[in-house]
Amino acid sequence: MSATSASVTADTFPRLLRQHASQRPDAPALREKYLGIWQTWSWRETAAEVRAMALGLAALGFKRGDNLAIIGDNRPQLYMAFAAAQSLGGVAVPMYQDAVAVEMTFVLENAAIRFAIVEDQEQVDKLLEARDTLPQIEHIIFADPRGLRNYNAPGLMSLEALRAKGDAFDAANPGFFDAEVARGQANDVSVMLYTSGTTGKPKGVCQTHHAFITAAQGGVQFDHLVGTDNVLSYLPMAWVGDHLFSYAQFLVAGFTVNCPESAETVMTDLREIGPTYYFAPPRVFESVLTNVTIRMEDASRLKRWLYDGFMAVAKRCGADMLDGRPVGTRDKLLYALGNVLVYGPLKNTLGMSRIRVAYTAGAAIGPDLFRFYRSIGINLKQLYGSTETCAYVCLQPDGQIKFDSVGTAAPGVEVKLADNGEVMVRGAMVLKEYYKRPDATAESIDANGYFHTGDAGVFDSEGHLRIIDRAKDVGHLSTGAMFAPNYIENKLKFFSHIKEAVCFGHDKDNVTAFINIDLTAVGNWAERRNLVYSGYIDLAGKDEVYALIKECVESVNAELATEGELSHSQIARFLILHKELDPDDDEMTRTRKVRRGFVAEKYGVLLDGLYGGKTVQHIDTKVKFEDGRSGSIAANLKLSDAKRFPAVTKAAA
Amino acid sequence: MTDARKIGDVILKVDNISLRFGGVKALTDISFDVREHEIRAIIGPNGAGKSSMLNVINGVYTPQEGTITFHGEVRQDMDTHQAAENGIARTFQNIALFTGMTVLDNIMTGRNLKIKSTFIEQAFWFGRARREEIENRKKVEEIIDFLQLQSVRKTPVARLPYGIKKRVELARALAAEPTMLLLDEPMAGMNVEEKQDMCRFVLDTNDQFGTTIVLIEHDMGVVMDISDRVVVLDYGKKIGDGTPNEVRNNPDVIKAYLGAH
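Protein sequence lines, in the order shown, are assigned to chains A and B. Start counting the first sequence at 900; every next residue gets the next number (my numbering). Start counting the second sequence at 11; every next residue gets the next number (my numbering).
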């Protein structure tokens, strides 16, 4: 495959792009659904547009080492913007497109952004607002001109105009572009990704071409990705996972990146494209399964019987067949029949018929969820990594899948555990530095070049890494017993009725939990019981729902009772929150990780109520709407006890 | 933002319109004009005659007195077909869509007037029929993109929430590529977010296509925000006419309408 030879010779992203454009000019590089039709850019067209875009930026004064902000949904033009900035030796700085202007200000200021390429009016408005306090933002270039015709802010320009400028610049300075691409070094910083900031202000993680190309090559070889593969890109471009899968691996393997028509059409687009390589955080897999389950519950009796029957077969032998382990002839035949009647059509409906490899990462995935996908023949695997490591530390090898581990060290990566259980990694994919934060860089990379991930983990007997919690989150109850909040929260979240959970217990006598119910799942559950409710708050406060959640909590407790030291951290009391935790209220990060400390502080009254033994607690909460206005919600929350179980010693499994 | 948009000459003028249903006087001696590219609102309390006024403009009702001047042509009443052919499209207060058909098909019906091919051509799918279908579909897809209806393109209208149905109605009206759009309470019954979206789309339509818009609306906030000029009716009589600010300060209007709140 020409793709592999490309990865050997070219050592920067612009050179990789040029190589694809010359070796396979007519192969599809990018696709986007527009006006109901999939529009395709070949590698040649992609390279030409990148060139025009880069030279347009050069004409405006973009120089080597400058940062280019990129904000918007996944669009071909925005992926090209990465390459355009890098062609000139600049650094691409993708930012979360759903952040409000105030949140953007920090990154815009920190990265000293003068140039920004954005998707549409929404982002332009935010940048113009930010410019009031940050006059350094000189040029704002937009891809979609809708609604912007009458804007006359200085420095505002359409992408089309930028490319025209670029073409003119090219005519006046022939050879400039090629010389700039030639000047690029593999050790130049190619992209700066801001960490989600679970703790404190976001930090800009500087990654070089070399780091991301190494990580991408490792993954491409590990999973045998080729130029004819297809991916659907719908996760935020500012997220390291998308950058690895939809940019770095795209340019290394030379496969096709497909951009959905809009955020709401992802499921339809997925079906139309039928990607061969797929990446999604657990919550996407979870919501798909929830939808399937709900629709099956409403299906006719015959269909339900077929589904239940064959899913039992799949559960028994599907995963084994996928891993190539021996399976009885009867099961083989039944599975083949199930494939025709149930699994095949189901995968087709979900757009997963052609998937060869699917990955999930970013959060723990429930064992049932994981087994469901594997049992119907989707090769779903887990990986482990972070922004600082190009999302590339551990991968699960085909045939050796365990739901509770993240696999073995990826090719070219050294992984070891510190004395306190913290995972440390070394390799080419470790970050160069935190932008303008030598203190943070020194803190996280030690003298031997190991990056301290901050995650606590253990290796099992076969060398598979298991992540337990954030190292700093692992605390102790006042009795001295270990308390790993994330571990318990994940167990809770594996129930489809629980969307989010936050556990407390460090320095306390026992463990308590805040629960967010899943409105879709619990709503459907309520409807089937003729339980009337008006909305989230109402549903969350129902006694029946409390009973339902109590069951979940108690079964987690029963499980914990069998897990040695963790048996002490069974949940004593819990409550169901009256509102969903939301990034807009700073309760979660943009990647939807709970900020436990912030939540504890904000809902201090509730926490005191739980530990004070109260049964009802009043609370008044401020909420922020997406347009920046704020309001408040008041509620009387019930606080409930949960049964705990005596510790059981389990024979080592 | 309105600075850059050029408001042109008067394209529609109604003079001394009176409309009676038996003994009920729906409209009495109403005169006002609409300029090209402007957003013109008609407001008033319930039963003030707003919808009747819109129905007179687009030919559903024939007034007993008065004249309508559209593009310089003076006439006693408008004919609905003529109105459509002259580039007037409208939406309805109570959604009037084909509920069993998909969003796409509903919007395609808005292209009806643009179809020139014969029945035979369409039946056998050749010649003009094919070409036109492709052209019309392209136009419709542009509107779907414009109003962000991509995710419901193939969904039957009956399954859509109210706010989206309203948007589909606007889409169908836009499919006719109107020069003047009559919107009968486009935001009635919507929640705040849906209203904001609709405002955005109305403004974008006006901005992007230069469509002249006459709208009836109850929500005073919306009217004051997006209209260039406002006509105020009360009991079938005109009691105010001017920019939102002028109207807001008009004592008659305050008494009849704003004061009521």
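We treat Cβ as the ideally placed atom computed from N, Cα and C, and that holds for glycine. It should be emphasised that the depicted structure is a prediction, and the values quoted were computed from it without experimental measurement.
ask   = Which residues bound the alpha helix (DSSP H) around A/PRO1181?
value = 1181-1196
request  = Throw me the rounded Cβ distance for the B/ILE40 and B/LYS248 pair, which I believe falls under 8 angstroms.
outcome  = 5 angstroms
ask   = For A/TYR1258, which three-state DSSP category applies?
value = strand
message = Does the beta-carbon of A/PRO1482, which I'm using as the reference point, lie nearer than 7 angstroms to any heavy atom of the ligand ADP?
response = The ligand ADP is not among the ligands present in this structure, which contains no ligands whatsoever.
For A/LEU1316, the first and last residue of its enclosing beta strand (DSSP E) = 1313-1316
query = How would you write the range of the alpha helix (DSSP H) that A/ALA1085 sits in, first residue to last?
reply = Segment: none, A/ALA1085 is in no alpha helix (DSSP H) and carries neither H nor E.
ask   = Does DSSP put A/VAL1151 in a helix, a strand or coil?
value = helix
inquiry  = Can you tell me whether A/ILE1470 is buried or exposed? The criterion is at least 16 other CB atoms within 10 Å of its CB, across all chains shown.
reply    = buried
request  = Verify the CB distance criterion: does A/GLN918 have a CB-CB separation below 8 angstroms to chain B?
outcome  = no
inquiry  = By the three-class DSSP mapping on this structure, what secondary structure does A/PRO1244 have?
reply    = helix
task = Measure the alpha-carbon distance for A/ALA902 versus A/HIS919 and round it to whole angstroms.
result = Because the pLDDT of A/ALA902 is 42, which lies under 50, any placement of that residue in the model is unreliable, and the number read from its coordinates should be weighed accordingly. Cα to Cα, the separation comes out at about 8 angstroms.
key: Nearest residue (CA-CA) to A/ALA1533, options A/LYS1521, A/PRO975, A/ILE1277   = A/LYS1521
key: Inter-residue Cα distance where the pair is B/ASP13 and B/VAL34   = Below a pLDDT of 50, predicted positions are generally treated as unreliable, and B/ASP13, at 43, falls in that range; the measurement from the model is reported next regardless. Going from the Cα of B/ASP13 to the Cα of B/VAL34 covers about 42 angstroms.
request  = Assess, as a yes-or-no matter, whether the stretch 1184-1195 of chain A is touched by the stretch 1416-1427 of chain A under the definition of 3 or more beta carbon pairs within less than 8 angstroms.
outcome  = yes
inquiry  = Is there a Cβ of chain A sitting closer than 8 angstroms to that of B/ASP217, yes or no?
reply    = yes
query = How would you list, in chain order, the residues of chain B whose beta-carbon sits under 7 angstroms from the beta-carbon of A/LEU934?
reply = LYS148, GLU151, GLU152, ASP155
query = Is the distance from the Cβ of A/GLU1388 to the Cβ of A/ALA1380 below 8 angstroms?
reply = no
request  = Please name the residue or residues paired with A/SER941 in a DSSP beta bridge.
outcome  = A/PRO927
ask   = Below 8 angstroms, can you find three or more Cβ-Cβ pairs linking the stretch 1301-1311 of chain A to the stretch 1362-1378 of chain A?
value = yes
inquiry  = Going by C-alpha to C-alpha distance, which of A/ARG1325, A/ASP1043, A/ALA1011 sits closest to A/ALA1029?
reply    = A/ALA1011
key: DSSP bridge partner residues for A/TYR1093 (one or two, in chain order)   = A/GLY1103
request  = Have a look at A/ILE1040, A/ASN1009, A/GLN1035 and flag the residue whose alpha-carbon is nearest the alpha-carbon of A/ASP1024.
outcome  = A/ILE1040
key: Proximity test, Cβ basis, 8 angstroms: B/ARG163 and chain A   = yes
ask   = To the nearest angstrom, how far is it from the Cα of A/ASN1157 to the Cα of A/ARG930?
value = 5 angstroms
message = Against A/SER1161, what residues of chain B qualify as contacts under a CB-to-CB distance less than 8 angstroms, listed in chain order?
response = GLN158, GLN160, SER161
message = Strictly under 8 angstroms for the Cβ-Cβ distance: is B/ALA14 near chain A by that measure?
response = Confidence at B/ALA14 is low in this model, with a pLDDT of 46, below 50, so the placement of that residue is unreliable and no value is reported for it.
request  = Compare the C-beta of B/ASP8 against all C-beta atoms of chain A and say whether one is closer than 8 angstroms.
outcome  = Shown here, chain B extends from 11 to 271; a query on residue 8 of chain B therefore has no answer.
ask   = What residues from chain B crowd round A/THR1164, counting only those whose CB sits closer than 7 angstroms?
value = GLN160, SER161
key: Close-in-space but distant-in-sequence residues of the same chain around B/CYS209 (CB under 8 angstroms, 5 per side omitted)   = MET197, VAL232, ASP235, ILE236
query = Under three-state DSSP, which class holds A/TYR1295?
reply = Residue identity check: residue 1295 of chain A is Gln in the sequence provided, not Tyr. In this structure, A/GLN1295 counts as coil in the three-state DSSP scheme.
message = Distance check for A/LEU1279 and A/ASP1230, CA to CA, integer angstroms please.
response = 21 angstroms
message = Given this structure, state the Cα-to-Cα distance separating A/MET900 from A/ARG943, to the nearest angstrom.
response = Because A/MET900 carries a pLDDT of 40, less than 50, the predicted location of this residue cannot be relied on, and the following value inherits that uncertainty. The straight-line gap from Cα to Cα measures roughly 18 angstroms.
inquiry  = I'd like the span of the alpha helix (DSSP H) that includes A/TYR1386, first residue to last.
reply    = 1384-1392
query = In whole angstroms, what separates the C-alpha of B/PHE108 from that of B/VAL167?
reply = 7 angstroms
key: Spatial neighbours of B/THR253 in its chain, beta-carbon cut-off 8 angstroms, leaving aside the 5 residues before and after   = ASP238, ARG239, VAL240
ask   = Does the count of Cβ pairs from the stretch 1279-1299 of chain A and the stretch 1232-1242 of chain A closer than 8 angstroms reach three?
value = no
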